[in-house]
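Here is the structure we will look at, set down as structure tokens.
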Amino acid sequence: MPLYGSLDITQSPARLPTLANLDTEAWTLPRAETMQLLIEVPRTTTESLLPKAMHPALPSYVALAVTKYPESPVGPFNLAVLRLGSRAGAHPRGFLLGAVASSPAAAEALRTRWGFPVEAGEVKFLRRHDRITGTARKDGRTILDCALVDPQPVAGSDVQYINWVTAANAPLDGQTQPMLIQVDPKYTFYKAERGKPQVSAFDAAAWHAPNVTLADPIIGTCCTVDTDLPRIRFVMDPLKPVFQGTRRIRESRADE
Amino acid sequence: MKFGLFYEISIPRPWTPEKERTVYNNCLEQVKLADELGFDHVWAVEHHFLEEYSHCSAPELFLTACAVLTKRIQVGHGIVVCVPEFNHPIKIAERTATLDLLSGGRLHVGTGRSATWTELGGFGANPDTTKKSWDEFVRCLPRMWMQETFSYQGEFWSMPERTILPKPYQKPHPPMWVAVTSPGTEIDAADRGLGSLGLSFAGFEEQEKKIKEYRRRIQSCEPVGAFVNEQVATTNFLFCHEDEKTGVEMGKKLGNTFNYLATQLISTREVYSSPSYQSLGLLPALRRAATGPDAGEQQTEGMAYGDPARIIRAVKKWEALGVDCINFILNANEVVPQDQVMASLRLFAKEVMPHFARKSGQVAAAAGE
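Chains A and B, in that order, are what the protein sequence lines are.
Under the working numbering, the letters of the first sequence match residues 2 to 257, in that order.
Under the working numbering, the letters of the second sequence match residues 963 to 1331, in that order.
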């Protein structure tokens, strides 16, 4: 059967974000602009980054995304994330390896409400006539400098965003414990473009992915969307195969 | 109703030369028996890099072995990838003609364009243009087979005048098909006069709609070849057992294993935003069905497993919908032991096949063995 990840997140719970509860209220995030670059990476560099419950995507790939959220309950902020392409059972997922938010309030909220491994830093999203650029700086160092080069219009229906999985501690059955949390935003597209991914700076260690080397670019997209961060619906045992260890926390949203 | 076998050639880890050889030999043994039992077709896919799911990257070699080992069963490329980075059209024409000669005119040529990033990216192909290159290839192939000399100037390939040799045994040429997974491809098949080689596991209602539309459109088609190949084939799992419960349990295990492996594939749409791949192909249905390799409950309707009576009911339903041929997947990751696959084939031939009108009408004595 398919390969599994080798990361045991229960061995280092202190390194994981901690949620006070799983009753996180949803955020509505209108008119977000999100640039996502998909890049293949060597399989050997990702094996130790994926929880044991999940399957690796073959070939291995990562998604680098820089998003500008002009409105949120904590005000405008930018967010840069690194996700690892993977499978939760039969479903494609992006396992969140690292993130930087441009405001401390956003970083704190994302960390404690959805369990994102996010730190505060400097994140910029800039649109130029021939490219869209994203940069992230942490502790005075540039850890990401990337661009979507020569964006060309496509339909929103051409773009597929996959759901996220993050590792965090959260209370369940009366005990705070490490678990995997599914975050499944919805998207309404206003504008979509695609182009060539270009990365001029990538500090893998700063993204908690020390061995990852970016190898073969796949494609980049930049979309303007209404999106959200929804209530948590599913959590997963980090050590059991997802099809055996998934628990539904609440029913699906009314619009699903 | 015709019956066929459909091979992905799925091989579980850990891979060893002996294991890969054993699985290939198991498949050949099944094909030989199927030929004796009166099955009509054996199809083999062309897939590359799809770990465990399919190790069938050189189907023309496997099908040549099938042809040499058998007498009647027809051999089908299911499918040849019509993308220049995968296969040069001249080589396709030459290989298929050779296989048609070696099989004594038993070849069917399925065509398609690949659906996974794993494969397209591996060959450095541009997903935006695969439908266009497929269209160009399927219009060239019949002429390459039939014309004494051939020259061509196209968007994806060109050649000066040459004689492409050998020519196929079948005249004017072998029947042509197209793989139908994405919604709407059945229309592409119909408009070109090609057979619809269904590779998805959609339920009755969805298939009925597709078949009706195919039958309607093909009446006014402009065939790319010398004749219209109006046929609808669908894919199914087969496990036939005297005891219904045993048959259903093993059939579900087979189906769940196949589906789960398939859902691990990286569809082109998952990573490469392109108007050419708006559909996920067969994956959404498989993801609904495959809650896990041991999933017990969710199954697509119309599956050909259980006891003979149950399978007869399913096949009758497909027949009533207008399906001309059902191609069966017999194994996935070797979850069904080889002796049980062979017994299942024999029981199907003995108890199920006689209930369906068949051109060959042959159910060999081997069924009773």
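For every residue, glycine included, the Cβ atom is placed at its ideal position computed from N, Cα and C.
Remember, it's a predicted structure, so these values are computed and weren't measured experimentally.
If you draw a straight line from the C-alpha of residue i to the C-alpha of residue j, how long is it?
i                       : j                       : result
residue 204 of chain A  : residue 1012 of chain B : 31 Å
residue 1091 of chain B : residue 226 of chain A  : 27 Å
residue 1073 of chain B : residue 1099 of chain B : 9 Å
residue 1016 of chain B : residue 1219 of chain B : 13 Å
residue 1324 of chain B : residue 1047 of chain B : With a pLDDT of 49 at residue 1324 of chain B, under the threshold of 50, the modelled position of this residue cannot be trusted; read the value that follows with caution. Those two C-alpha atoms are separated by around 42 Å.
residue 1188 of chain B : residue 6 of chain A    : 52 Å
residue 239 of chain A  : residue 184 of chain A  : 15 Å
residue 996 of chain B  : residue 1036 of chain B : 11 Å
residue 258 of chain A  : residue 148 of chain A  : This structure leaves residue 258 of chain A out entirely; chain A is present only between 2 and 257.
residue 916 of chain B  : residue 1010 of chain B : Residue 916 of chain B is absent from the structure shown; chain B starts at 963 and stops at 1331.
residue 97 of chain A   : residue 1150 of chain B : 40 Å
residue 221 of chain A  : residue 1204 of chain B : 54 Å
residue 123 of chain A  : residue 71 of chain A   : 16 Å
residue 77 of chain A   : residue 110 of chain A  : 13 Å
residue 68 of chain A   : residue 146 of chain A  : 14 Å
residue 155 of chain A  : residue 134 of chain A  : 19 Å
residue 63 of chain A   : residue 41 of chain A   : 6 Å
residue 216 of chain A  : residue 58 of chain A   : 15 Å
residue 1216 of chain B : residue 1206 of chain B : 15 Å
residue 115 of chain A  : residue 1085 of chain B : 39 Å
residue 1 of chain A    : residue 86 of chain A   : The structure shown has nothing for residue 1 of chain A, since chain A only spans 2 to 257.
residue 1129 of chain B : residue 1104 of chain B : 10 Å
In chain A, what lies closer than 9 Å to residue i by C-beta?
i                       : result
residue 970 of chain B  : Residues of chain A passing the Cβ test: none, with the nearest at roughly 15 Å.
residue 1013 of chain B : 3, 4, 59
residue 1222 of chain B : 2, 3, 90, 91, 244
Who are residue i's beta bridge partners in DSSP?
i                       : result
residue 217 of chain A  : A:41
residue 1180 of chain B : Beta-bridge pairing links residue 1180 of chain B to no other residue.
residue 125 of chain A  : A:136
residue 56 of chain A   : A:88
residue 965 of chain B  : B:1288
residue 196 of chain A  : A:221
residue 1142 of chain B : B:1160
residue 1115 of chain B : B:1120
residue 1005 of chain B : B:968, B:1038
residue 69 of chain A   : A:34, A:79
Which residues in chain B have a C-beta closer than 7 Å to the C-beta of residue i? List them in chain order.
i                      : result
residue 156 of chain A : 1237
residue 159 of chain A : 1235, 1236, 1237, 1240
residue 248 of chain A : Those do not exist, as residue 248 of chain A stays about 14 Å from chain B at its closest Cβ, beyond 7 Å.
residue 222 of chain A : 1235
Would you mind reading off the limits of the alpha helix (DSSP H) that contains residue i?
i                       : result
residue 1272 of chain B : 1270–1283
residue 1015 of chain B : Element bounds for residue 1015 of chain B: n/a, residue is neither H nor E.
residue 1302 of chain B : 1300–1309
residue 1147 of chain B : 1147–1153
residue 988 of chain B  : 979–999
residue 1053 of chain B : 1051–1064
residue 1210 of chain B : 1206–1225
residue 1092 of chain B : 1092–1108
residue 51 of chain A   : Counting along the chain, residue 51 of chain A falls outside any alpha helix (DSSP H), and DSSP gives it neither H nor E.
Please determine, among the options, the residue with the shortest C-alpha to C-alpha distance to residue i.
i                       : options                        : result
residue 1201 of chain B : B:1281, B:1300, B:1131         : B:1300
residue 235 of chain A  : A:229, A:171, A:242, A:248     : A:248
residue 191 of chain A  : A:219, A:141, A:223            : A:223
residue 1162 of chain B : B:1154, B:1195, B:1130, B:1155 : B:1195
residue 173 of chain A  : A:182, A:167, A:165, A:166     : A:182
residue 1295 of chain B : B:1221, B:1089, B:1310, B:1270 : B:1221
residue 1287 of chain B : B:987, B:1023, B:973, B:1038   : B:1038
Hey, could you find the ends of the beta strand (DSSP E) residue i is sitting in?
i                       : result
residue 151 of chain A  : 142–155
residue 1159 of chain B : 1157–1160
residue 4 of chain A    : No beta strand (DSSP E) contains residue 4 of chain A, which DSSP labels as neither H nor E.
residue 922 of chain B  : This structure cannot speak to residue 922 of chain B, because chain B is shown only from 963 to 1331.
residue 173 of chain A  : 164–173
Which residues in chain B have a C-beta closer than 8 Å to the C-beta of residue i? List them in chain order.
i                      : result
residue 56 of chain A  : 1226
residue 191 of chain A : Near residue 191 of chain A there are no residues of chain B at all, since even the closest Cβ is about 16 Å away, more than 8 Å.
Residues of chain B with a CB under 9 Å from the CB of residue i: which are they?
i                      : result
residue 219 of chain A : 1079, 1083, 1233, 1234
In chain A, what lies closer than 8 Å to residue i by C-beta?
i                       : result
residue 1176 of chain B : Residues of chain A passing the Cβ test: none, with the nearest at roughly 25 Å.
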